[in-house]
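Asker: In my numbering, the protein residues as written are 96 to 503.
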């Protein structure tokens with residue numbers, strides 16, 4: 096063999112040995128073929144170990160492709176993949192990402208099994224929860240995470256750490272009544288810990304990152320904090336929780352923000368008032384006191400409207416800022432005032448109650464009726480403005496002269 100041919104042969108051999116096999120080929124060679132080989136016996140545990148060895152050494156993108164290939168193989172049951180994920184999570188040498196990637200490609204039932212059995216860090220669990228398709232199962236998983244936070248509340252060194260953790264959990268799925276109850280419980284306990292630790296301080300700004308202030312008043316958050324505070328007390332320890340003071344702080348914070356926004360938008364304070372639920376006489380007095388504090392010139396009529404909205408006796412105002420409205424087109428301040436009047440009269444609410452497929456017809460009827468009225472007013476105005484010609488303006492009609500010599 097010539098030297099040149101020897102070099103070419105050597106190069107081909109090197110290329111063959113160094114060429115990366117595809118995920119499909121690797122799965123077949125290292126996992127499937129040994130299982131199908133009748134001359135050897137491969138246990139379930141050995142298969143799992145082989146799968147984990149492959150997955151722990153490859154890149155994230157290749158790992159996903161290999162898991163996809165494993166999922167296609169009939170001889171690889173979902174039970175094997177679930178067990179692989181659980182063992183990956185429990186291992187200190189294998190990153191949690193392996194377990195997460197396996198869970199992402201399994202049906203909900205197997206995914207939930209991994210969540211229940213695997214020792215995953217919070218980030219890994221949340222990544223898996225995001226992949227659950229069934230809303231009920233996802234809701235249950237989120238509630239379980241929130242309950243876990245409640246149990247480990249004292250582990251959070253700073254309140255911003257707590258807020259960040261909760262935001263990640265509730266950001267996965269829409270808030271439901273079930274999720275809300277766990278959320279309120281967590282926020283109340285965290286606030287109670289803060290109150291006890293700092294001798295009466297409550298970080299309302301931090302709490303508002305999770306729940307709007309008016310919603311916290313509505314669900315009686317101060318009372319919830321008081322209950323959690325009581326649970327923290329040691330036997331014989333003095334209860335220093337001042338419920339009246341805390342309730343006033345919540346209302347004062349809400350009114351301050353509300354008035355700032357109203358002033359910024361050049362609107363009455365009632366524009367931004369929200370339903371607060373079944374407020375008692377004491378809360379009503381606090382509301383009045385706080386509004387007078389930030390708006391000394393507030394009228395009695397405006398204050399009465401605020402109280403009616405707060406109690407649910409009058410509908411909340413559906414408002415869009417002037418800035419936002421003006422971006423929709425060439426709308427001036429007069430147009431904005433007309434929009435506000437329509438809202439005050441409940442016209443928009445009435446239109447929303449009309450089925451969407453009939454709404455355009457309803458608007459057409461209203462518009463037609465208004466146009467008829469407008470045209471009638473224009474005709475009446477035209478008649479009133481019509482001038483009767485003055486006598487001097489009437490052209491003189493000359494009388495015909497009779498020719499006396501005319502023979503009739």
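The beta carbon of each residue, even a glycine, is placed where N, CA and C say it ideally should be.
(1) For residue 498, is the classification buried or exposed, using 16 other Cβ atoms within 10 angstroms of its Cβ as the cut-off for buried?
(2) Measuring CB to CB, does residue 282 end up less than 8 Å from residue 305?
(3) For the alpha helix (DSSP H) containing residue 151, name the first residue and the last one.
(4) Quick one: what's got a C-beta closer than 7 Å to residue 297's C-beta in the same chain, skipping five residues either side?
(5) Could you compute how far the alpha carbon of residue 385 sits from the alpha carbon of residue 347?
(6) Less than 8 Å between the C-beta atoms of residue 225 and residue 210, yes or no?
(7) Could you name the residues of the same chain whose beta carbon sits closer than 6 Å to that of residue 352, not counting the 5 residues immediately before and after it, in chain order?
(8) Give the straight-line distance between the Cα atoms of residue 468 and residue 270, rounded to the nearest whole angstrom.
(9) Are three or more beta carbon pairs between the stretch 144-160 and the stretch 181-198 nearer than 8 Å?
(10) For residue 156 and residue 184, which I take to be in contact (beta-carbon distance under 8 Å), what is that distance rounded to the nearest angstrom?
(11) Is the stretch 305-317 close to the stretch 261-281, with three or more CB pairs under 8 Å?
(12) Just the C-alpha distance for residue 262 and residue 354, rounded to the nearest angstrom, thanks.
(13) With H, G and I counted as helix, E and B as strand and the rest as coil, what does DSSP make of residue 367?
(14) Along the chain, where does the alpha helix (DSSP H) containing residue 230 start, and where does it finish?
(15) By the 10 Å Cβ neighbour count, where 16 or more other Cβ atoms means buried, how is residue 309 classified, buried or exposed?
(16) Check whether the Cβ atoms of residue 78 and residue 383 sit closer than 8 Å, and answer yes or no.
(17) Taking 8 Å as the cut-off, decide whether the C-beta atoms of residue 137 and residue 161 are in contact.
(18) Output the distance between the C-alpha atoms of residue 201 and residue 212, rounded to the nearest integer angstrom.
(19) Count the other CB atoms within 10 Å of the CB of residue 364; is the residue buried (16 or more) or exposed (fewer)?
(20) Under 6 Å Cβ to Cβ from residue 293, same chain only, skipping five residues before and after it: list those, please.
(21) Can you list, in chain order, the residues of its chain with a C-beta nearer than 7 Å to that of residue 242? Leave out the 5 residues immediately preceding and following it.
(22) Quick check on the DSSP output: the alpha helix (DSSP H) that includes residue 386 runs from which residue to which?
(23) Anyone know if the C-beta pair for residue 198 and residue 180 falls short of 8 Å?
(24) Report all residues from its chain with a CB closer than 8 Å to the CB of residue 178; omit the five preceding and five following residues, and keep chain order.
(25) Would you kindly work out how many angstroms separate the C-alpha atoms of residue 237 and residue 372, rounded to a whole number?
(26) Which same chain residues, not among the five before or five after residue 422, have their C-beta less than 8 Å away from its C-beta?
(27) Could you spell out where the alpha helix (DSSP H) holding residue 340 opens and where it closes?
(28) Does DSSP put residue 269 in a helix, in a strand, or in coil?
(29) Express the C-alpha separation of residue 208 and residue 380 in angstroms, rounding to a whole number.
(30) Return the chain-ordered list of same chain residues with a C-beta closer than 6 Å to the C-beta of residue 164, the five sequence neighbours on each side being excluded.
(31) Which residue comes first and which comes last in the alpha helix (DSSP H) that contains residue 373?
(32) Using a Cβ-Cβ cutoff of less than 6 Å, which residues in the same chain neighbour residue 251 once the five nearest sequence positions on both sides are dropped?
(33) Starting from residue 123, trace the alpha helix (DSSP H) both ways and give me its first and last residue.
(34) Should residue 170 go down as buried or exposed, given a rule of 16 or more other Cβ atoms within 10 Å for buried?
(35) What's the C-alpha gap between residue 133 and residue 227?
(36) Going straight from the alpha carbon of residue 125 to that of residue 158, what length do you get?
Answerer: Well, looking at it:
(1) Low confidence applies to residue 498: its pLDDT is 47, below 50, so where it sits in the model is not reliable enough to give any reading.
(2) Going by beta carbons, residue 282 and residue 305 fall inside the 8 Å limit.
(3) 139-152
(4) 286, 289, 290, 341 and 344
(5) 6 Å
(6) No, the Cβ-Cβ distance between residue 225 and residue 210 is not below 8 Å.
(7) none
(8) 48 Å
(9) yes
(10) About 21 Å separates the beta carbon of residue 156 from that of residue 184, a gap too long to meet the 8 Å contact definition.
(11) yes
(12) 27 Å
(13) helix
(14) If you look at residue 230, you'll find it in the alpha helix (DSSP H) that goes 230-246.
(15) buried
(16) Outside the displayed span of the chain (96 to 503) sits residue 78, for which this structure offers no information.
(17) Not a contact, by the Cβ cut-off of 8 Å.
(18) C-alpha of residue 201 to C-alpha of residue 212: approximately 15 Å in a straight line.
(19) buried
(20) none
(21) For residue 242, where only same-chain residues beyond five positions count, the Cβ hits under 7 Å are 277.
(22) Segment 376-389, the alpha helix (DSSP H) holding residue 386.
(23) yes
(24) 139 and 143
(25) Approximately 27 Å between the Cα atoms of the pair.
(26) The predicted model places residue 422 with a pLDDT of 49, which falls under 50 and marks its position as unreliable; any figure quoted below should be read in that light. Result list for residue 422: empty, nothing under 8 Å.
(27) 338-359
(28) Judged by DSSP in its simplified three-state form, residue 269 adopts coil rather than helix or strand.
(29) 53 Å
(30) 118, 119 and 122
(31) Segment: none, residue 373 is in no alpha helix (DSSP H) and carries neither H nor E.
(32) 257
(33) That residue, residue 123, is in no alpha helix (DSSP H); it is neither H nor E in DSSP.
(34) exposed
(35) Going from the Cα of residue 133 to the Cα of residue 227 covers about 38 Å.
(36) 14 Å
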